[in-house]
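A.B. asks: Quick note: the sequence shown, position 190, residue 192 per this note's numbering, numbers continuous. Backbone N, C-alpha and C fix where the C-beta goes; we use that ideal spot for every residue, glycine too. All figures in this text were calculated on a predicted structure; none of them were measured in a lab. There's a structure below that I have some questions on.
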Amino acid sequence: MMGYFQVLGAATIWAFFNGVLVKWVKTSGVGVGAWTGLVGMVMMAAVFLVTGARFVLSEEQLIAVIFLMTAATINNACYYTAIKMAGVVNAALFHYLAPMLVMVWNLTIPTFYAPVSFPHILALLVGLAGIIYVGMPSLGGSKLWILFGLGSAVFYSLEIVLSGYVMNNLQVSSEIATFGKLFGQAVLMAVIAVIFNEKLSVETRNDWRKLLWGGVLLYISFILYFEGSKTVGDLERGVMGYIDRIGAIVLGAYAFEEKLTKNIVIGGTLVIGASVLLFF
3 MMGYFQVLGA
13 ATIWAFFNGV
23 LVKWVKTSGV
33 GVGAWTGLVG
43 MVMMAAVFLV
53 TGARFVLSEE
63 QLIAVIFLMT
73 AATINNACYY
83 TAIKMAGVVN
93 AALFHYLAPM
103 LVMVWNLTIP
113 TFYAPVSFPH
123 ILALLVGLAG
133 IIYVGMPSLG
143 GSKLWILFGL
153 GSAVFYSLEI
163 VLSGYVMNNL
173 QVSSEIATFG
183 KLFGQAVLMA
193 VIAVIFNEKL
203 SVETRNDWRK
213 LLWGGVLLYI
223 SFILYFEGSK
233 TVGDLERGVM
243 GYIDRIGAIV
253 LGAYAFEEKL
263 TKNIVIGGTL
273 VIGASVLLFF
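Structure below.
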């Protein structure tokens, strides 16, 4: 039972982080990720220093953590960028696809195999229909945010299955998994920002304070999530993560007065409704 509370705690923190903080700070999406990742990484390093903790990873564990770190970083880079480009509501609805995409990896990669039922497949198809309806108004204009939204869903689904594999199959500690994700955000997102000429500068002292608290929250959320991953399955974690998306949509719509269009309401209802099928 504790594992469920830990995953729920992490998802609640992400609801605020993704729904408010990312758009709140005046820098790029990857800028938010890089700076908060750096704050969290420094905190993690300080904990290691104070406790004298030492960790040794096998080659298999190290490779798996690198894959997890990369998937998580690309997911968040795409997600934060989509939030900046199209708003919290649109980006979060695309993120809803991730738990449904988990079954793709369950069926195509032997390492992540898990049984998939017909309702799960139906959920994926209904969810895809909803996402297409949400994105329809943008098909005649810039489609870039749609690509970032889909990218976040694909790589988040990979992050979900990799988290379970790293924690359960390879017995990697939650501290190492957390440090890997924070390192990825701090370093890889900075590299992404340079390659794509994204803004890394922060304008005000108030924004720095927001990033500092964001880094603390990120650190706590990752620890909670990886601890919970030891006892909570991939699909369950994906569904429980809906608290993140629903919370982000509600908080983002309220904080930034984002308009809920007909396409968002109808498409969003299809996506959220599809998630119910994952319980069967």
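Specify, as a first and last residue, the run of the alpha helix (DSSP H) that residue 15 falls within.
C.D. replies: Reading the sequence shown from its first residue, position 13 is the one you call residue 15. That run of the alpha helix (DSSP H) goes 4-18.
A.B. asks: Going by DSSP, what residue range makes up the alpha helix (DSSP H) through residue 69?
C.D. replies: Along the sequence shown, one-based indexing puts residue 69 at 67. Following the DSSP letters along the chain, one finds residue 69 inside the alpha helix (DSSP H) bounded by residues 61-88.
A.B. asks: Return the chain-ordered list of same chain residues with a C-beta closer than 7 Å to the C-beta of residue 250, the five sequence neighbours on each side being excluded.
C.D. replies: Here residue 250 refers to the residue found at position 248 when the sequence shown is read from its first residue. If we look at residue 250 and ignore the five residues flanking it on each side, its Cβ neighbours are 17, 20, 21, 90, 94.
A.B. asks: Do the stretch 186-199 and the stretch 71-91 make contact, defined as three or more Cβ pairs closer than 8 Å?
C.D. replies: yes
A.B. asks: Quick check on residue 58: buried or exposed, where buried means 16 or more other Cβ atoms within 10 Å of its Cβ?
C.D. replies: Translated into positions along the sequence shown, residue 58 becomes position 56. Exposed, by the Cβ-count rule.
A.B. asks: Taking just the CA atoms, how far does residue 117 sit from residue 267?
C.D. replies: Along the sequence shown, read from residue 1 onward, the residue named residue 267 stands at position 265. Along the sequence shown, read from residue 1 onward, the residue named residue 117 stands at position 115. In a straight line, the C-alpha of residue 267 is about 32 Å away from that of residue 117.
A.B. asks: Under 7 Å Cβ to Cβ from residue 233, same chain only, skipping five residues before and after it: list those, please.
C.D. replies: Position 231 of the sequence shown, counted from the first residue, corresponds to residue 233. Taken in chain order, the residues that qualify are 5.
A.B. asks: Could you give the DSSP three-state label for residue 201: helix, strand or coil?
C.D. replies: Counted from its first residue, the sequence shown places residue 201 at position 199. Looking at residue 201 - three-state DSSP - the assignment turns out to be coil, as it is neither helix nor strand.
A.B. asks: State whether the stretch 105-120 contacts the stretch 61-71, with contact taken as three or more CB pairs (one from each stretch) at a distance under 8 Å.
C.D. replies: no
A.B. asks: CB-CB under 7 Å to residue 131, same chain, minus the five flanking residues each way: which ones, in chain order?
C.D. replies: Position 129 of the sequence shown holds residue 131. Here the set comprises 272.
A.B. asks: Taking the alpha helix (DSSP H) that residue 53 falls in, what are its first and last residues?
C.D. replies: Position 51 of the sequence shown, counting from 1, holds the residue named residue 53. Run containing residue 53: 31-53, per the alpha helix (DSSP H) assignment.
A.B. asks: Answer with buried or exposed for residue 247, where buried requires no fewer than 16 other C-beta atoms within 10 angstroms of its C-beta.
C.D. replies: Numbered from 1 along the sequence shown, position 245 holds the residue referred to as residue 247. Buried.
A.B. asks: Taking the CB atoms as reference points, tell me whether residue 96 and residue 133 lie closer together than 8 Å.
C.D. replies: Position 94 of the sequence shown, counting from 1, holds the residue named residue 96. Position 131 of the sequence shown, counting from 1, holds the residue named residue 133. In this structure, residue 133 lies closer than 8 Å to residue 96 by Cβ.
A.B. asks: Kindly list the residues whose CB is nearer than 6 Å to the CB of residue 114, restricted to its own chain and excluding five residues on each side of it in sequence; keep chain order.
C.D. replies: Residue 114 sits at position 112 when you count from the first residue of the sequence shown. Cβ neighbours of residue 114 beyond the five flanking positions: 107, 108, 163.
A.B. asks: Do residue 201 and residue 74 come within 8 Å of each other at the CB atom, strictly closer than that value?
C.D. replies: Along the sequence shown, one-based indexing puts residue 74 at 72. Along the sequence shown, one-based indexing puts residue 201 at 199. Contact: no.
A.B. asks: Which same chain residues end up closer than 6 Å to residue 172 when comparing Cβ atoms and leaving out the 5 residues on each side of it in sequence?
C.D. replies: Within the sequence shown, numbered from 1, the residue matching residue 172 stands at position 170. Beyond the five residues adjoining it in sequence on each side, residue 172 comes within less than 6 Å, by CB distance, of 63, 66 in the same chain, given in chain order.
A.B. asks: Just confirm the distance between the C-beta atoms of residue 125 and residue 276, as a whole number of angstroms; I'd bet it's less than 8 Å.
C.D. replies: Counted from its first residue, the sequence shown places residue 125 at position 123. Counted from its first residue, the sequence shown places residue 276 at position 274. Their Cβ separation, rounded to whole angstroms, is 4 Å, which keeps residue 125 and residue 276 in contact under 8 Å.
A.B. asks: Taking buried to mean at least 16 other C-beta atoms within 10 Å of its own C-beta, is residue 135 buried or exposed?
C.D. replies: Looking up residue 135 in the sequence shown gives position 133. Counting Cβ neighbours within 10 Å, residue 135 comes out buried, since at least 16 surround it.
A.B. asks: I believe residue 123 touches residue 25 by the beta-carbon criterion, under 8 Å. Please report the beta-carbon distance rounded to the nearest angstrom.
C.D. replies: For the purposes of this step, residue 123 is taken as residue 121 along the sequence shown, with counting starting at 1. For the purposes of this step, residue 25 is taken as residue 23 along the sequence shown, with counting starting at 1. Residue 123 to residue 25, Cβ: 34 Å. No contact.
A.B. asks: Using the C-alpha atoms, what's the distance from residue 254 back to residue 160?
C.D. replies: Position 158 of the sequence shown, counted from the start, is the residue given in the question as residue 160. Position 252 of the sequence shown, counted from the start, is the residue given in the question as residue 254. Answer to the nearest angstrom: the Cα atoms are 25 Å apart.
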